[in-house]
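Numbering (my numbering), first residue to last: 190 to 324. From the three backbone atoms N, C-alpha and C, an ideal C-beta is built for every residue, glycine too. Keep in mind it's a predicted model, so treat the numbers as computed, not measured. Please read the structure below before turning to the comments.
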């Protein structure tokens, strides 16, 4: 696995292709829309050099994953190839990029999701209450 920093605008095209393929393979679950990548990189992170905030991992298949830090908003976007999402790669990649916590959003009433996340080491932090009213 090769780790490298963002190089130039050609990497935007690579990341967009990576995300388009991942969305196609997974139905979109958890992946940034390809059109949002340049928006986040060049507008949301405007004060920063992309090489300072984007780390890309590649293997013989191609891009394995990438992380974009957003210091201004104190968050990150982490994207891992679908076949690597459930293994240690994603967590190791985020840790290497300086991410301290991985957060997933889940409705507190979805017991199957709660059990799944608990089985891979996530602990409840903040449960969301959703209210509905018939109209």
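For residue 243, the uninterrupted beta strand (DSSP E) segment begins and ends at 243-248.
Counting only the Cα atoms, residue 224 lies some 19 Å from residue 240. The C-beta of residue 265 has 16 or more other C-beta atoms within 10 Å across all chains shown, which makes the residue buried. Using a Cβ distance threshold of 9 Å, residue 248 and residue 190 count as a contacting pair.
Scanning 300, 256, 301 for the CA closest to the CA of residue 280 turns up 256. Counting along the chain, residue 190 sits inside no alpha helix (DSSP H), nor does DSSP assign it H or E at all. Across the structure, residue 324 and residue 235 are spaced so that their CA atoms are roughly 43 Å apart. Ranked by Cα distance from residue 283, the first of 312, 267, 304, 246 is 267. Only residues of its own chain outside the window of five on either side were considered, and among them 271 have a CB closer than 7 Å to the CB of residue 215, listed in chain order. The Cβ neighbour count for residue 231, taken over all protein chains shown within 10 Å, is under 16; the residue is labelled exposed.
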